[in-house]
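Visitor:
There are 2 protein chains.
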Amino acid sequence: MDDTNRTIVLAKRPDGVPEKDTFEIEESDVPSPEAGEVLVRTLYLSVDPYMRGRMRDAESYAEPWAVGEPMEAGVVGEVLESNHDRWDAGDVVLGDLHWADYTAASGHSLTPVDTDLASPSAYLGVLGMPGRTAYFGLLDAGDPSPGETVVVSGAAGAVGSTVVQIAKRAGCRVVGFAGSEGKIEYLEGELGADVGIDYTETDDYREALDDAAPDGVDVYFDNVGGPITDAAFSRLNVDGRVVVCGQISQYNDETVASGPRKLGGLIATRGTVQGILIWDYAPRFEQATEQLAEWVANGELTYRETVTEGLENAPDAFLGLFEGENVGKQVVKVADFEG
Amino acid sequence: MDDTNRTIVLAKRPDGVPEKDTFEIEESDVPSPEAGEVLVRTLYLSVDPYMRGRMRDAESYAEPWAVGEPMEAGVVGEVLESNHDRWDAGDVVLGDLHWADYTAASGHSLTPVDTDLASPSAYLGVLGMPGRTAYFGLLDAGDPSPGETVVVSGAAGAVGSTVVQIAKRAGCRVVGFAGSEGKIEYLEGELGADVGIDYTETDDYREALDDAAPDGVDVYFDNVGGPITDAAFSRLNVDGRVVVCGQISQYNDETVASGPRKLGGLIATRGTVQGILIWDYAPRFEQATEQLAEWVANGELTYRETVTEGLENAPDAFLGLFEGENVGKQVVKVADFEG
Chain C
1 MDDTNRTIVL AKRPDGVPEK DTFEIEESDV PSPEAGEVLV RTLYLSVDPY
51 MRGRMRDAES YAEPWAVGEP MEAGVVGEVL ESNHDRWDAG DVVLGDLHWA
101 DYTAASGHSL TPVDTDLASP SAYLGVLGMP GRTAYFGLLD AGDPSPGETV
151 VVSGAAGAVG STVVQIAKRA GCRVVGFAGS EGKIEYLEGE LGADVGIDYT
201 ETDDYREALD DAAPDGVDVY FDNVGGPITD AAFSRLNVDG RVVVCGQISQ
251 YNDETVASGP RKLGGLIATR GTVQGILIWD YAPRFEQATE QLAEWVANGE
301 LTYRETVTEG LENAPDAFLG LFEGENVGKQ VVKVADFEG
Chain D
1 MDDTNRTIVL AKRPDGVPEK DTFEIEESDV PSPEAGEVLV RTLYLSVDPY
51 MRGRMRDAES YAEPWAVGEP MEAGVVGEVL ESNHDRWDAG DVVLGDLHWA
101 DYTAASGHSL TPVDTDLASP SAYLGVLGMP GRTAYFGLLD AGDPSPGETV
151 VVSGAAGAVG STVVQIAKRA GCRVVGFAGS EGKIEYLEGE LGADVGIDYT
201 ETDDYREALD DAAPDGVDVY FDNVGGPITD AAFSRLNVDG RVVVCGQISQ
251 YNDETVASGP RKLGGLIATR GTVQGILIWD YAPRFEQATE QLAEWVANGE
301 LTYRETVTEG LENAPDAFLG LFEGENVGKQ VVKVADFEG
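Residue numbers (our numbering), protein chains in the order written: chain C, 1 to 339; chain D, 1 to 339.
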């Protein structure tokens, strides 16, 4: 173990798109775990679009980060020292830790990672927060029936790629929006979507939907917001459901963007629009992870990861999310798993 | 009985706000009821905001009216001649009939009106479509709990004034938006709203809501759309519910208006937005009417009507809806009830 700990802190609040100087790497000694704490070496950390919200000085569902303080992330790491009954050195754990090489964390805030079941990083993706979000968001809020049409934006991302596959499994026609030829191939090939729409190749998303979803849209799972969402609303069927999971196209805006008013259309369709937040499903996390792990194990659910190497590159990995650079789950690999 | 029948037809499709020449009065002989039909003399006819949608050449939940054909409305009328087993001359009935002095209607399309229970015109308002819309929209879709805050737009109108009272009855704090000093007095006095906000007196609806709904908005019942709705969304509480019943501020627009994008806020609140259409509740209409009639009879539910005299003034009564000229239900009195 190196005796230096690098920690990425929020250097200043971004104005619009975050830039390099939004982040700063600080060096310090590796922390010593206090009573009840364990020292965790970061193996992988997760960067996620919702983190942009935590950079604002505004209350929302996640507490804002303080300037000068460490950024936080879902981390899979290895226990190096433990002052907590539950953990021993060598255990692999999941927790909300720092963007850092090492974090001293209270033992009760961690959950175990079964590396026989899946790779450690999968617990940040398909078996973790994004996978559960897809699972509950689609099946609970979206409530799809066989034969219905499900449209997914951000369909090649961590959440979207899982939604696509669960919707196919539920017997639906599935249409996914994504932003490159490679992602469309991924959608229509490996993920089994009926149609992928490359939103960089057309501006007329309504027309694209008329072709891809000729029977209209029964469930729209929204990770993105903006014009794709406007188009999906315009093609919503009677009793259609919109699941609002993310609005990545808006997260860097400093003022509220305008768009076509859409509520009138909901009267004709009696549509339901529901915002979801994964923490509301916490009592059922275990159920979701078991089910997702079973599907992964039997090959019904596949996943990809975009792995950025090196803690120092975590800011770039985060910024890449807004450029659509990731396919599947974007993670940062910080150290090799020697377990 | 006069032997001339006046019928108001859609003379041409309006472009934006309908004008006088949107409508035309045609004179013809009083129709003769065929087998299974009854001849109904119109006593009152209902003009409603949703009718603007039927003037468009666009499919929606209600079929568009054809140019040159009679406009239709909820009508309370008296049976003059009957070729249908169920009805006798002198019966008072409710049906979807013409904007006309007389309509020959199929007997099975009519429902009875009990004039001992309430005045005939009440069946177009508090005991009819607007009352039922308020009842199911608030209690089913809005699902308010005691102590919650319910905000209503168009609160002095036919639907809104009923929503306000049912929400108070449900133990809620109730805030209503309306557009004149007289309407605010009506809201805060007769209807029992906690606060009425005169939207003609301020542009800052968010600030107005901060004062009127200091604990935020749990249920927003929307009859209006536009900036009032934007403000209500911005003050929605966690697990808040928005019931989209009407969007009268948009109905005369020929292009889709723009407004601030609101879906992002639904993630933080896990809010639900639901469009409602009263016909979906048809199997339970009788239940609603019985309950509403009971509340009217025991004084728990009051209602007002704005009565325009004369069939020839029905177009003005309709256009007045968009100017907010009505308090409570706008009806047109066509003939005296001689029953």
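Where is the CB? At the ideal position from N, CA and C, for every residue including glycine.
Report the option in C/Tyr220, C/Thr7, C/Met55, C/Arg284 whose CA atom is closest to the CA atom of C/Asp143.
Guide: As a first step, residue 143 of chain C is located in the first sequence; it is residue number 143 there, counting from the start. It is C/Tyr220.
Visitor: Looking only at its chain, what residues have a beta carbon closer than 7 Å to the beta carbon of C/Ala118, apart from the 5 residues adjacent to it on each side?
Guide: Locating residue 118 of chain C in the first sequence gives position 118, counting from the first residue. Taken in chain order, the residues that qualify are Leu127, Ala293, Val296.
Visitor: Taking a cut of 8 Å between CB atoms, which residues from the region 267 to 294 of chain D lie near chain C?
Guide: Against chain C - using a Cβ distance shorter than 8 Å - the residues of the region 267 to 294 of chain D are Ile267, Ala268, Thr269, Arg270, Gly271, Thr272, Val273, Gln274, Gly275, Ile276, Leu277, Asp280.
Visitor: 7 Å is my cut-off, CB to CB: does D/Ser60 come that close to chain C?
Guide: What you label residue 60 of chain D is simply residue 60 of the second sequence in a count that begins at 1. Chain C, which has a Cβ nearer than 7 Å to the Cβ of D/Ser60, makes this yes.
Visitor: Give me the DSSP bridge partner(s) of D/Arg41.
Guide: Position 41 of the second sequence holds residue 41 of chain D. Beta-bridge pairing links D/Arg41 to D/Glu78, D/Tyr102.
Visitor: Checking contacts by CB at 7 Å: is D/Gly176 closer than that to chain C?
Guide: The sequence position of residue 176 of chain D within the second sequence is 176, counting from 1. With 7 Å as the cut-off, D/Gly176 does not count as an interface residue toward chain C.
Visitor: Taking a Cβ distance cut-off of 8 Å, strictly less, list which residues of the region 204 to 228 of chain D are near chain C, in chain order.
Guide: Listed by position, the residues of the region 204 to 228 of chain D near chain C (Cβ gap below 8 Å) are Asp222, Gly225, Gly226.
Visitor: Which residue comes first and which comes last in the beta strand (DSSP E) that contains C/Ser258?
Guide: Numbered from its first residue, the first sequence carries residue 258 of chain C at position 258. Where C/Ser258 is concerned, the enclosing beta strand (DSSP E) stretches over 258 to 260.
Visitor: Kindly indicate which residue of C/Pro14, C/Asn298, C/Glu19 has the alpha-carbon position closest to the one of C/Ala317.
Guide: To locate residue 317 of chain C, count along the first sequence from 1; it is residue 317. For C/Ala317, the nearest C-alpha among the options comes from C/Glu19.
Visitor: Among the candidates C/Pro64, C/Arg284, C/Asp96, C/Gln250, whose CA atom is the shortest distance from the CA of C/Phe322?
Guide: Here residue 322 of chain C refers to the residue found at position 322 of the first sequence. Comparing Cα-Cα distances from C/Phe322 to each of C/Pro64, C/Arg284, C/Asp96, C/Gln250, the minimum goes to C/Gln250.
Visitor: Applying a beta-carbon distance threshold of less than 7 Å, which residues of chain C neighbour D/Gly264?
Guide: Reading the second sequence from its first residue, position 264 is the one you call residue 264 of chain D. Gly225, Gln247, Gln250, listed in chain order.
Visitor: Does the beta carbon of D/Ile150 come closer than 7 Å to any beta carbon on chain C?
Guide: As a working note, residue 150 of chain D is residue 150 in the second sequence. Contrary to the premise, residue 150 of chain D reads as Val rather than Ile in this sequence. So, not an interface residue.
Visitor: Given D/Arg54, which residues of its chain have a CB within under 6 Å of its CB, disregarding the five upstream and five downstream residues?
Guide: Taking the first residue of the second sequence as 1, we reach residue 54 of chain D at position 54. Contacts found: Ala62, Pro64, Trp65.
Visitor: What residues in its chain sit with their C-beta under 6 Å from that of D/Val164, if we drop five residues either side in the sequence?
Guide: In the second sequence, the residue the question calls residue 164 of chain D occupies position 164. If we look at D/Val164 and ignore the five residues flanking it on each side, its Cβ neighbours are Val152, Ala155, Val174, Gly176, Leu191, Ala193.
Visitor: Alpha carbon to alpha carbon, how far is C/Asp253 from C/Gln247?
Guide: Position 253 of the first sequence, counting from 1, holds the residue named residue 253 of chain C. Position 247 of the first sequence, counting from 1, holds the residue named residue 247 of chain C. C-alpha separation (whole angstroms): 11 Å.
Visitor: Could you tell me the distance, in whole angstroms, from the CA atom of C/Ile166 to the CA atom of C/Val195?
Guide: For the purposes of this step, residue 166 of chain C is taken as the residue at position 166 of the first sequence. For the purposes of this step, residue 195 of chain C is taken as the residue at position 195 of the first sequence. Approximately 15 Å, taken between the alpha carbons.
Visitor: Whose C-beta lies closer than 7 Å to the C-beta of D/Ala35 among residues of the same chain, with five residues either side of it excluded?
Guide: Working through the second sequence from its first residue, we reach residue 35 of chain D at position 35. Closer than 7 Å at Cβ, skipping near neighbours: Asn83.
Visitor: Are the beta-carbon atoms belonging to C/Arg41 and C/Leu80 less than 7 Å from one another?
Guide: Working through the first sequence from its first residue, we reach residue 41 of chain C at position 41. Working through the first sequence from its first residue, we reach residue 80 of chain C at position 80. For C/Arg41 and C/Leu80, yes; Cβs fall inside 7 Å.
Visitor: Looking only at C-alpha atoms, which of D/Leu97, D/Ser121, D/Ala178 sits nearest to D/Val327?
Guide: Translated into positions along the second sequence, residue 327 of chain D becomes position 327. Answer by Cα proximity: D/Ala178.
Visitor: Is it a yes or a no for the region 253 to 272 of chain C touching the region 272 to 281 of chain D, going by three-plus beta-carbon pairs under 8 Å?
Guide: The region 253 to 272 of chain C vs the region 272 to 281 of chain D: in contact.
Visitor: Please check if any C-beta of chain D sits within less than 7 Å of the C-beta of C/Lys244.
Guide: One-based indexing of the first sequence puts residue 244 of chain C at position 244. According to the sequence shown, residue 244 of chain C is Val rather than Lys. For C/Val244, the answer is yes, since a Cβ of chain D falls inside 7 Å of its Cβ.
Visitor: Note down, in chain order, each residue of its chain lying with its Cβ closer than 6 Å to the Cβ of C/Val17, except the 5 sequence neighbours on either side.
Guide: Reading the first sequence from its first residue, position 17 is the one you call residue 17 of chain C. Taken in chain order, the residues that qualify are Asn252.
Visitor: With distances taken Cα to Cα, identify the nearest neighbour of C/Leu139 among C/Glu78, C/Arg6, C/Gln287, C/Gly157.
Guide: Reading the first sequence from its first residue, position 139 is the one you call residue 139 of chain C. Closest by alpha carbon: C/Gln287.
Visitor: Can you tell me whether D/Ala89 is buried or exposed? The criterion is at least 16 other CB atoms within 10 Å of its CB, across all chains shown.
Guide: Position 89 of the second sequence, counting from 1, holds the residue named residue 89 of chain D. Looking at its Cβ environment, which holds fewer than 16 other Cβ atoms inside 10 Å, D/Ala89 is exposed.
Visitor: Of all the options D/Gly299, D/Tyr303, D/Val331, which has the alpha carbon lying nearest to the alpha carbon of D/Gly310?
Guide: Translated into positions along the second sequence, residue 310 of chain D becomes position 310. Nearest of D/Gly299, D/Tyr303, D/Val331 to D/Gly310, Cα basis: D/Val331.
Visitor: Which runs of the beta strand (DSSP E) at least 3 residues long sit entirely within the region 165 to 192 of chain D? Give them in chain order.
Guide: 173 to 178, all fully within the region 165 to 192 of chain D.
Visitor: Taking the straight line between their C-alpha atoms, what separation do you get for C/Leu209 and D/Thr255?
Guide: Counted from its first residue, the first sequence places residue 209 of chain C at position 209. Counted from its first residue, the second sequence places residue 255 of chain D at position 255. If I take the Cα positions, the gap works out to 21 Å.
Visitor: Rounded to a whole number of angstroms, what is the C-alpha to C-alpha distance between C/Tyr44 and C/Trp99?
Guide: On the first sequence, position 44 is the one that residue 44 of chain C refers to. On the first sequence, position 99 is the one that residue 99 of chain C refers to. Cα to Cα, the separation comes out at about 10 Å.
Visitor: State the start and end residues of the unbroken alpha helix (DSSP H) segment that holds D/Glu286.
Guide: Mapped onto the second sequence, residue 286 of chain D falls at position 286. Here the alpha helix (DSSP H) through D/Glu286 covers 285 to 297.
Visitor: Note down the Cα distance separating D/Asp239 from D/Ala268, rounded to an integer number of angstroms.
Guide: To locate residue 239 of chain D, count along the second sequence from 1; it is residue 239. To locate residue 268 of chain D, count along the second sequence from 1; it is residue 268. Taking the straight line from one Cα to the other gives about 9 Å.
Visitor: Starting from D/Val259, find everything on chain C with Cβ-Cβ shorter than 7 Å and list it in chain order.
Guide: To locate residue 259 of chain D, count along the second sequence from 1; it is residue 259. Per the sequence shown, the amino acid found at residue 259 of chain D is Gly instead of Val. Here the neighbours are Ser258, Arg261.
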